[in-house]
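>
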Amino acid sequence: MEVPLRPIGREDIQKLEAVLLLGTVSRQDVIEKMRSADPKDRITWIDSLAVAAGALAREKAGMSVPRIADELGRGEQTIRSHLTGRTEAGKLVRETYEMLLRGEKVLAFMLKEAEAPSKEELEKLRSELEKERREKAELREKLMALQRKIEDVAKTLENVINQLKA
Numbered sequence: 002m003e004v005p006l007r008p009i010g011r012e013d014i015q016k017l018e019a020v021l022l023l024g025t026v027s028r029q030d031v032i033e034k035m036r037s038a039d040p041k042d043r044i045t046w047i048d049s050l051a052v053a054a055g056a057l058a059r060e061k062a063g064m065s066v067p068r069i070a071d072e073l074g075r076g077e078q079t080i081r082s083h084l085t086g087r088t089e090a091g092k093l094v095r096e097t098y099e100m101l102l103r104g105e106k107v108l109a110f111m112l113k114e115a116e117a118p119s120k121e122e123l124e125k126l127r128s129e130l131e132k133e134r135r136e137k138a139e140l141r142e143k144l145m146a147l148q149r150k151i152e153d154v155a156k157t158l159e160n161v162i163n164q165l166k167a
């Protein structure tokens with residue numbers, strides 16, 4: 002997907018905003034910060050990152066702070082704080098934008114998931130699957146043998162009981 006670093010129009014703004022948000026949230030340092038945060042604060046984290054991403058995308062499109070604040074439903078001071086990096090969310094989103102400027106892949110996790118597994122991985126998985134199937138067959142045979150023994154013991158016990166009654 003082509004990421005417009007200087008968006009022109011709504012669609013470009015939305016693309017940049019989405020890439021900034023997803024790219025920031027998927028960064029290892031951000032994931033660690035969110036894990037260590039109080040679970041109740043995680044929603045606030047995501048919301049702040051979303052506002053910061055939206056503000057930066059709109060700023061790069063040439064919008065004024067009052068218009069950005071109006072579009073995002075936040076105060077102008079909040080928007081300025083995000084854009085100047087006075088908030089943690091603003092700093093993180095700006096770092097992600099700078100990564101994009103340098104040509105770094107910020108959505109690498111999505112690319113990795115889309116890649117096919119290597120031949121080595123496939124071969125390893127196949128051999129593990131085959132091993133599991135052999136073990137399952139062996140266990141099934143042992144189970145059937147034990148069931149036969151139980152049936153034999155039950156018949157023998159029934160015969161003994163019948164002989165004792167007679």
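Numbering (the working numbering), first residue to last: 2 to 167.
Glycine included, every Cβ here is placed at the ideal spot set by N, Cα and C.
Remember, predicted model here, so these are calculated numbers, not experimental data.
#1: DSSP three-state call for Lys16: helix, strand or coil?
#2: Return the Cβ separation of Gly74 and Leu84 in integer angstroms, given the expectation that the two are a contact with Cβ distance under 8 Å.
#3: Closest to Gly63 by C-alpha separation, out of Ile9, Lys156, Glu133 and Tyr98, would be which residue?
#4: Is the region 88-107 touching the region 19-34 in the sense that three or more CB pairs, one from each, lie closer than 8 Å?
#5: In its own chain, which residues sit with a C-beta less than 6 Å from the C-beta of Ile32, not counting the 5 before and 5 after it?
#6: Which residues in the same chain as Met100 place their Cβ atom closer than 8 Å to its Cβ, once the five residues preceding and following it in sequence are excluded?
#7: If you draw a straight line from the alpha carbon of Arg149 to that of Leu130, how long is it in whole angstroms?
#8: What is the DSSP secondary structure of Leu112, reduced to helix, strand or coil?
From the atom records:
#1: Numbered from 1 along the sequence shown, position 15 holds the residue referred to as residue 16. Residue state, collapsed to three classes: helix.
#2: Translated into positions along the sequence shown, residue 74 becomes position 73. Translated into positions along the sequence shown, residue 84 becomes position 83. Wrong, their Cβ atoms sit about 16 Å apart, outside the cutoff.
#3: Residue numbering aside, residue 63 sits at position 62 when the sequence shown is read from its first letter. Closest by alpha carbon: Ile9.
#4: yes
#5: Numbered from 1 along the sequence shown, position 31 holds the residue referred to as residue 32. So no residue of the chain qualifies.
#6: Position 99 of the sequence shown, counted from the first residue, corresponds to residue 100. Cβ neighbours of Met100 beyond the five flanking positions: Gly24 and Val107.
#7: Stepping through the sequence shown from its first residue, residue 149 is reached at position 148. Stepping through the sequence shown from its first residue, residue 130 is reached at position 129. One C-alpha to the other measures close to 29 Å.
#8: To locate residue 112, count along the sequence shown from 1; it is residue 111. In this prediction, Leu112 scores a pLDDT of 49, lower than 50, which makes its location untrustworthy; the coordinate-derived value is nonetheless stated afterwards. Residue state, collapsed to three classes: helix.
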